[in-house]
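For what it's worth, the numbering used here labels the leading residue of the sequence shown as 12, then goes sequentially. All residues carry an ideal CB built from backbone N, CA and C; glycine is no exception. Below is one structure; the comments refer to it alone.
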Amino acid sequence: MLSLVLYFLSTCSLAVLFLFTLRRILFTSTLLIQFPLFPSSPLFPVLLLIPARNESQTLHHLFISLDALDYPKDLLQVILINDGSTDNTLALMTQAASARNNWRVLNLEKNVGKAQALNLALQDYDFGEIIYIFDADHRPQKNCLRLAVSAFTDPKVAGVSGRTIPSNKLQSPSAYYSTIESLVHQLITMRGKDILNLGPALLGSNNGYRRSALQQVNNFRTGAFLEDSDLTLTLHRAGYVTRLIPNAISFHQAPFTLRGFIRQHLRWGRGFNDVARTHLFDLLRDSRLSLLMRLELALFSLGYLDRLALLLALALIAFPTDLRPLLIGGVTVSLAMPFIQIIAALVYDRAALAMWIRLPLVIPFFFLDIAIAVSAMVITLLNRPRLWHPTERA
């Protein structure tokens, strides 16, 4: 009986590792393909939403970046959303909006969370065919918004994401590893998915939506930890597509303490678990999507499943079974492939020497990431209360 259980677990872990490794190889190979950029196009009316809670220290620099955006003022309305702040965020927002004709403030006296705050803004303001979002710590480049909305000339496009780059990548080991994650996720995974028409994921900031598509899917899922990932699947299941606009760039801050890093990744892990629970079974049965698209969106929704499979395979190697050689091979390849992707991303991004010499930091953080994935799964299974921690800022 034990041998059958070990065989079953070994087969399952090998299957998961094989799928994720094949996926990594496929996306990494697309670096050899030139990315098709959108040409300049007529501009759309844009409702720009800025949700914030206790962000008084970051708003001033965000306001400077928003003022510098190369976008016609008559086609842009900025909504500053105060989500129950207890500092002087509201006062700064009110002062900024009073000095600009196309800025408004939505004051929410109680904290309702990002998704619901965005929904309330959509309910109160009907301006704009396109809804665009920046978090308070983002600093978009001058042409960011103009480049991003160009994708909406295709009526099938419901959501776009620009590229987000940490501005504090060398501040600490945590910030460095977060930067490496971002490089691989955006320059390899999202870029590859866009090239292969496999639904690049929407990000939580520096991203935009077609208002009519949002309305069709009932806007943002209230209480979602990963409202962007949830919408990635929801919009594709509704018949739309998503796009990556890598030259629409916004800088932001990565977590710079170990505590901030762990909290962020726990939230991501639990968020992916929520997404899988909400969408996975219906997604796999959705015949409107191609089989390959269903498989890719399923793997995306499962988030950190490959880390859990890797941990299981490592444990199973200790048992003398017929599949032990395959397990050793699968673990070896699964450990090697992420590092190959990191090197490929650094080369593609023409990274500075300072990024290369810190590569050994990736190893302990990679295994910390696995431990966090396990913790997030346990927290999900135990249905622990949902806690929203303040976003870490330098």
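beta-carbon residue i near the ligand COA non-hydrogen atom, thresh 7 angstroms
i	result
N284	For the ligand COA, the structure offers nothing, since it holds no ligand at all.
When the options are compared against residue i, the one with the closest alpha-carbon
i	options	result
A147	K125, G170, V168, S312	K125
A224	E307, F236, L244	L244
Y359	S24, L43, L20, F29	L43
S386	W279, D333, L310, I328	W279
F407	A110, L101, S185, R318	A question about residue 407 goes unanswered here, because the residues of the chain that appear run from 12 up to 405.
I176	L370, Q197, V160	Q197
V286	L255, G234, L303, D85	G234
V160	I390, L48, A265	L48
L269	Y143, L379, T32, S261	L379
S96	Q68, Q88, T22, K84	Q68
A259	R157, Q127, N284	R157
Q227	A324, L242, E238, M304	L242
R305	L327, Q275, R248	R248
P266	N394, G250, E192, K84	E192
L87	D78, F74, V57, A110	V57
Bridge partner(s) assigned by DSSP for residue i
i	result
Q88	L58
N93	A63, N118
G219	Y143, V171
P151	S261
Terminal residues of the beta strand (DSSP E) in which residue i lies
i	result
L255	252-263
Y187	Where Y187 is concerned, there is no enclosing beta strand (DSSP E), although the alpha helix (DSSP H) it sits in stretches over 184-194.
T175	168-177
Exposed unless 16 or more other CB atoms sit within 10 angstroms - verdict on residue i
i	result
T169	The amino acid at residue 169 is misidentified as Thr; the sequence shows Ala. Buried, by the Cβ-count rule.
N230	buried
M12	exposed
L213	buried
A363	exposed
V89	buried
D239	buried
H263	buried
T39	buried
H149	buried
Close beta carbons around residue i, own chain, < 8 angstroms, minus the five adjacent residues each side
i	result
F163	F55, E140, I141, V171, G219, R221
N93	A63, R64, T100, L101, M104, V116, L117, N118, L119
N- and C-terminal bounds of the alpha helix (DSSP H) containing residue i
i	result
Y82	First-last for Y82: undefined, no H or E at that position.
I368	364-368
F272	269-295
R248	238-248
I44	Unbroken run through I44: none, as it is neither H nor E.
Y359	335-359
G314	Unbroken run through G314: none, as it is neither H nor E.
V385	373-393
I328	Segment: none, I328 is in no alpha helix (DSSP H) and carries neither H nor E.
Beta-carbon contacts of residue i that lie in its chain and below 7 angstroms, excluding the five residues immediately before and after
i	result
V27	L316, D317, A320
A309	L291, L294, L295
L327	L17, L20, S21, S24, L338
T391	R281, N284
L207	T41
Cβ-based neighbour list, residue i, same chain, cut-off 6 angstroms, excluding 5 preceding and 5 following
i	result
F283	G314
D98	N65, S67
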